[in-house]
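So the sequence shown is numbered by UniProt numbering: it starts at 1 and just counts up by one.
Even glycine gets a Cβ: it sits at the ideal position worked out from N, Cα and C.
Written below as structure tokens is the structure these notes are about.
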Amino acid sequence: MQSPLVNTKRIHKLSEAVVNRIAAGEIIQRPSNAIKELIENSLDARATSITITAKDGGLKLLHIQDNGHGIHKDDMPLVCERFATSKITQFDDLASVATYGFRGEALASISHVAHVTITTKTEDSPCAWKANYSDGIMVPGKTGATADPKPTAGNVGTQIMIEDLFFNVPIRKKALKSSTDEYNKILDVVNRYAIHNSAVSFTCKKAGTNSADFRSNPGTTRDAIRQVFGPAVAKELVEISQSNPGLDVELHALVSNANYNMKKMAFLLFINHRLVESTNIKRAVDNMYSTYLPKNAHAFCYVSLEMKPQNVDVNVHPTKKEVMFLNEDLVIEFICDTIREKLAEVDDSRTFTPATITTSSLQLTPITNLAEPPKSSSKPSIATISKKPYEHKLVRTDSRMQTLDSFIRVNPSFQTPHSANQGNAALPLSDATYTSMVSANSMQPENQKSQEIIINTESAVAPTDTALLSSKEGTSVPQKELSTLQTEMPPANPVTPVSSILKEPLKNTREFVDVQLSSILNLRNKLRTDAHSGLTDLFKNHTLVGAVDDQWMLMQYQTKLYIVDVDDITWIALHGFSNFGYIDLKSDGINVQELIQLAVEEQISAEQTGTSEKQLMSPQDIAQQITALLIERRELLDEYFSVALSEEGILHTLPVLLKEYTPNLSKLPLFLLRLGTEVNWDEEQACFETFCQELGILYACEPPANPSDSLKEAVADTNDCNADSLPHQSYCASYNWTLEHVVFKAMKQWYFPSKEMAKRESIVQVVDLPDLYKVFERC
Ligand SMILES: Nc1ncnc2c1ncn2[C@@H]1O[C@H](COP(=O)(O)OP(=O)(O)OP(=O)(O)O)[C@@H](O)[C@H]1O
Ligand SMILES: [Mg+2]
Numbered sequence: 001m002q003s004p005l006v007n008t009k010r011i012h013k014l015s016e017a018v019v020n021r022i023a024a025g026e027i028i029q030r031p032s033n034a035i036k037e038l039i040e041n042s043l044d045a046r047a048t049s050i051t052i053t054a055k056d057g058g059l060k061l062l063h064i065q066d067n068g069h070g071i072h073k074d075d076m077p078l079v080c081e082r083f084a085t086s087k088i089t090q091f092d093d094l095a096s097v098a099t100y101g102f103r104g105e106a107l108a109s110i111s112h113v114a115h116v117t118i119t120t121k122t123e124d125s126p127c128a129w130k131a132n133y134s135d136g137i138m139v140p141g142k143t144g145a146t147a148d149p150k151p152t153a154g155n156v157g158t159q160i161m162i163e164d165l166f167f168n169v170p171i172r173k174k175a176l177k178s179s180t181d182e183y184n185k186i187l188d189v190v191n192r193y194a195i196h197n198s199a200v201s202f203t204c205k206k207a208g209t210n211s212a213d214f215r216s217n218p219g220t221t222r223d224a225i226r227q228v229f230g231p232a233v234a235k236e237l238v239e240i241s242q243s244n245p246g247l248d249v250e251l252h253a254l255v256s257n258a259n260y261n262m263k264k265m266a267f268l269l270f271i272n273h274r275l276v277e278s279t280n281i282k283r284a285v286d287n288m289y290s291t292y293l294p295k296n297a298h299a300f301c302y303v304s305l306e307m308k309p310q311n312v313d314v315n316v317h318p319t320k321k322e323v324m325f326l327n328e329d330l331v332i333e334f335i336c337d338t339i340r341e342k343l344a345e346v347d348d349s350r351t352f353t354p355a356t357i358t359t360s361s362l363q364l365t366p367i368t369n370l371a372e373p374p375k376s377s378s379k380p381s382i383a384t385i386s387k388k389p390y391e392h393k394l395v396r397t398d399s400r401m402q403t404l405d406s407f408i409r410v411n412p413s414f415q416t417p418h419s420a421n422q423g424n425a426a427l428p429l430s431d432a433t434y435t436s437m438v439s440a441n442s443m444q445p446e447n448q449k450s451q452e453i454i455i456n457t458e459s460a461v462a463p464t465d466t467a468l469l470s471s472k473e474g475t476s477v478p479q480k481e482l483s484t485l486q487t488e489m490p491p492a493n494p495v496t497p498v499s500s501i502l503k504e505p506l507k508n509t510r511e512f513v514d515v516q517l518s519s520i521l522n523l524r525n526k527l528r529t530d531a532h533s534g535l536t537d538l539f540k541n542h543t544l545v546g547a548v549d550d551q552w553m554l555m556q557y558q559t560k561l562y563i564v565d566v567d568d569i570t571w572i573a574l575h576g577f578s579n580f581g582y583i584d585l586k587s588d589g590i591n592v593q594e595l596i597q598l599a600v601e602e603q604i605s606a607e608q609t610g611t612s613e614k615q616l617m618s619p620q621d622i623a624q625q626i627t628a629l630l631i632e633r634r635e636l637l638d639e640y641f642s643v644a645l646s647e648e649g650i651l652h653t654l655p656v657l658l659k660e661y662t663p664n665l666s667k668l669p670l671f672l673l674r675l676g677t678e679v680n681w682d683e684e685q686a687c688f689e690t691f692c693q694e695l696g697i698l699y700a701c702e703p704p705a706n707p708s709d710s711l712k713e714a715v716a717d718t719n720d721c722n723a724d725s726l727p728h729q730s731y732c733a734s735y736n737w738t739l740e741h742v743v744f745k746a747m748k749q750w751y752f753p754s755k756e757m758a759k760r761e762s763i764v765q766v767v768d769l770p771d772l773y774k775v776f777e778r779c
């Protein structure tokens with residue numbers, strides 16, 4: 001057998017057809033490359049409207065129609081000929097080329113791997129002309145006909161139809177398996193060009209459908225970004241226009257500010273209006289953003305650079321997607337510096353004066369000394385903002401490595417029971433007595449093995465325990481009411497699957513609603529304007545260390561450690577408005593009137609202790625009236641708050657404020673009662689605000705109550721640290737898990753702590769590293 005290394009084949013020139021097909025394969029690698037070339041031709045022809053239709057991801061059919069200046073009939077024989085172009089005439093023209101095309105290769109390449117039909121009409125032509133092409137030349141449309149262009153009806157502009165792409169390159173066709181993927185790539189190209197050419201209207205659709213998958217209306221670049229990426233990103237964009245005469249570069253950009261981030265960076269780069277890719281620029285900008293965004297979060301950036309054509313070499317890649325330009329490093333530095341400066345200018349929340357160090361004796365100090373920077377104060381230089389701590393100041397930042405609470409041995413006596421009274425001290429509902437009746441705390445981690453969410457109801461079980469709790473808090477709970485409520489609540493086993501309360505686990509099947517109600521936009525705005533900038537920055541950029549106990553969480557920010565007690569999550573209610581998922585309650589629902597009556601009776605008995613005042617209305621009448629009021633507004637409740645109430649007053653669902661976070665259902669009666677007494681139903685904005693406040697109270701984070709204080713005291717007496725209820729410990733661990741993985745995670749994105757919060761003692765700085773160094777130095 002002949003050795004494969006012995007080459008007996010002789011050299012010969014490839015036929016022109018093979019050369020052309022190989023060359024075509026470099027320029028047209030997939031349908032999206034073809035559409036890019038066609039769009040560029042339409043834009044070069046000054047089209048203001050471009051419609052793209054694709055079938056089978058563009059492999060079966062790619063059709064583009066524009067209203068540009070068209071092609072002269074006499075030029076039609078040349079259109080698909082290789083190196084035939086109307087855009088340059090000599091090599092020197094390359095230095096000033098202002099069109100996308102210049103090589104006269106695109107249509108030629110396409111005609112070597114597909115069947116091409118062009119219909120075109122210029123302004124001065126009495127009719128449109130149609131011709132078919134194959135392998136660079138005009139061919140007859142039908143057997144027996146001539147190849148010459150045929151007159152036909154048509155508007156000024158050009159239509160190009162590409163059929164059976166890669167029909168003669170089967171391996172390439174096979175490699176492009178998914179037509180959906182290919183169509184998405186086409187859409188992506190159309191989207192990017194639509195953003196950069198916002199004055200042009202683009203439409204992209206699949207063949208055989210009337211509805212377009214994308215349609216842009218002429219407008220600003222921001223409008224185009226809104227149409228492609230949605231309003232959430234569009235409203236957080238910072239516009240930049242800056243020139244650098246030294247480098248001869250003009251930068252126009254729209255980039256997201258620090259309030260917005262996405263999982264994967266969206267980076268749209270145009271150099272001299274050409275859609276290109278540059279890993280170096282993208283990486284540098286992404287790195288620059290890491291100072292502003294949480295870990296693993298990225299920005300949206302649309303960057304358009306204009307530089308002297310002679311400084312850019314567009315001829316380095318067959319698809320022209322890569323370009324080379326002079327002074328790349330300096331240009332990158334210019335881009336990053338300009339964006340960084342602009343971000344610092346617009347983002348006041350980044351400018352805060354670090355707290356005075358107050359912890360030389362590790363004495364707890366309220367956060368109030370984390371001062372709000374005076375508005376008029378000169379802004380810190382960008383260097384101050386982005387400067388990372390020196391190596392020696394670095395402390396453990398990755399909470400996943402090990403949490404500090406793993407070093408803390410939990411002493412059962414440390415886990416003080418947190419009744420609603422203690423846990424919600426800052427809330428108006430400080431006398432939420434129903435919590436003491438049934439303390440079924442329903443915040444729990446995802447069960448890692450079975451993925452089933454469980455609810456621990458141990459404290460809701462024994463009437464004796466409940467009685468103990470109630471008497472401790474000074475609220476007497478009649479056994480009758482307790483048993484009534486318990487019939488609505490989970491049965492008395494220590495660990496009850498959530499399905500015993502909820503028909504099925506949390507779900508969010510609603511379609512996203514882009515809320516444009518001015519009342520809600522105002523309220524969200526208010527959240528931001530009332531926010532304490534220093535605290536906002538702290539919550540956004542903190543690293544959660546772990547739970548200190550069932551109330552305080554330890555978090556690190558820069559070189560400081562803080563302990564935080566977060567109970568109020570009203571902010572989530574505002575962000576989720578109209579887009580909550582549903583928590584399905586038991587299949588037959590819950591009778592609202594009965595629950596409200598219970599709540600009223602409890603309130604009355606608490607208020608009238610020691611007085612002989614008579615109520616004007618009976619609890620039953622009050623409950624009836626509030627239920628009627630809620631039934632009347634059931635459509636609103638369902639649409640905006642996912643609270644589904646039947647005409648008969650049966651409650652079927654509650655909203656999901658955060659995934660994997662369910663409220664303490666024992667507060668439900670009081671919640672329903674307060675919907676009647678505390679919500680302002682007369683005025684839209686006030687209604688939404690007060691309703692969200694009530695939701696915030698129902699969903700407030702509360703540490704689980706210890707089932708038995710007496711047991712805890714007994715444990716303390718015997719000094720036996722392990723004798724305390726293990727279930728309660730795991731219960732607290734569950735609660736902490738939820739805080740850490742659900743609530744604090746959401747805070748990074750959505751929480752704008754109010755200036756009010758800074759005045760409360762719910763966030764305390766405990767350690768500042770430089771201060772500790774001083775202590776060690778003295779030792
Ligand atoms: N939509 C169109 N409207 C008007 N003229 C067009 C259109 N598409 C193509 N042409 C004409 O056909 C010629 C060939 O197009 P083709 O895309 O193959 O080459 P090019 O655009 O000149 O260069 P490149 O290969 O770099 O794209 C163009 O120079 C232009 O004159
Ligand atoms: Mg072209």
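Cβ-Cβ separation, residue j to residue i (assumed contact under 8 Å), whole Å
i, j, result
"residue 835", "aspartate 768", "The structure shown does not extend to residue 835, since the chain spans only 1 to 779, so no value can be given for it."
"proline 753", "alanine 531", "6 Å"
"threonine 119", "glutamine 159", "4 Å"
"glycine 101", "alanine 84", "With 8 Å as the limit, glycine 101 and alanine 84 do not qualify as a contact, their Cβ atoms being about 11 Å apart."
"leucine 657", "tyrosine 699", "5 Å"
N-terminal and C-terminal residue of the beta strand (DSSP E) that residue i is part of
i, result
"histidine 115", "115-121"
"leucine 237", "237-244"
"valine 233", "Taken as a continuous stretch (DSSP letters only), valine 233 belongs to no beta strand (DSSP E), being part of the alpha helix (DSSP H) at 231-234."
"proline 170", "Segment 170-175 is the alpha helix (DSSP H) holding proline 170; no beta strand (DSSP E) there."
"tyrosine 582", "581-584"
"glycine 546", "543-547"
"phenylalanine 202", "201-206"
N- and C-terminal bounds of the alpha helix (DSSP H) containing residue i
i, result
"tyrosine 640", "634-641"
"tyrosine 562", "Unbroken run through tyrosine 562 is the beta strand (DSSP E), 560-564; no alpha helix (DSSP H)."
"residue 780", "Here the chain covers residues 1 to 779 and nothing more, so residue 780 does not appear."
"methionine 288", "279-289"
"isoleucine 520", "518-529"
"residue 787", "Because residue 787 is not part of the residues shown, which for the chain are 1 to 779, the question remains open."
Residue i: CB within 6 Å of a non-hydrogen atom of ligand 2
i, result
"glutamate 37", "yes"
"alanine 114", "no"
"alanine 284", "no"
"glycine 101", "yes"
"alanine 106", "yes"
Collapsed DSSP secondary structure at residue i in the structure displayed
i, result
"tryptophan 129", "strand"
"proline 669", "helix"
"asparagine 591", "strand"
"proline 77", "helix"
"leucine 772", "helix"
"leucine 658", "strand"
"proline 151", "strand"
"arginine 10", "coil"
"aspartate 44", "helix"
Residue i: CB within 6 Å of a non-hydrogen atom of ligand 1
i, result
"asparagine 41", "yes"
"alanine 199", "no"
"glycine 136", "no"
"leucine 62", "no"
"serine 86", "yes"
Own chain residues within Cβ distance below 7 Å of residue i, not counting five before or after
i, result
"lysine 73", "Ser125, Trp129, Pro149"
"asparagine 191", "Phe214, Val228"
Proximity test, Cβ basis, 7 Å: residue i and chain B
i, result
"arginine 192", "The question asks about chain B, but that chain is absent: this structure has only one protein chain."
Own chain residues within Cβ distance below 6 Å of residue i, not counting five before or after
i, result
"alanine 297", "Asn261"
Same chain only: Cβ atoms within 8 Å of residue i, ignoring 5 sequence neighbours per side
i, result
"glutamate 647", "Ile631, Arg634"
"threonine 487", "Residue placement at threonine 487 cannot be trusted, given a pLDDT of 31 that sits under 50; the coordinates are not used to answer."
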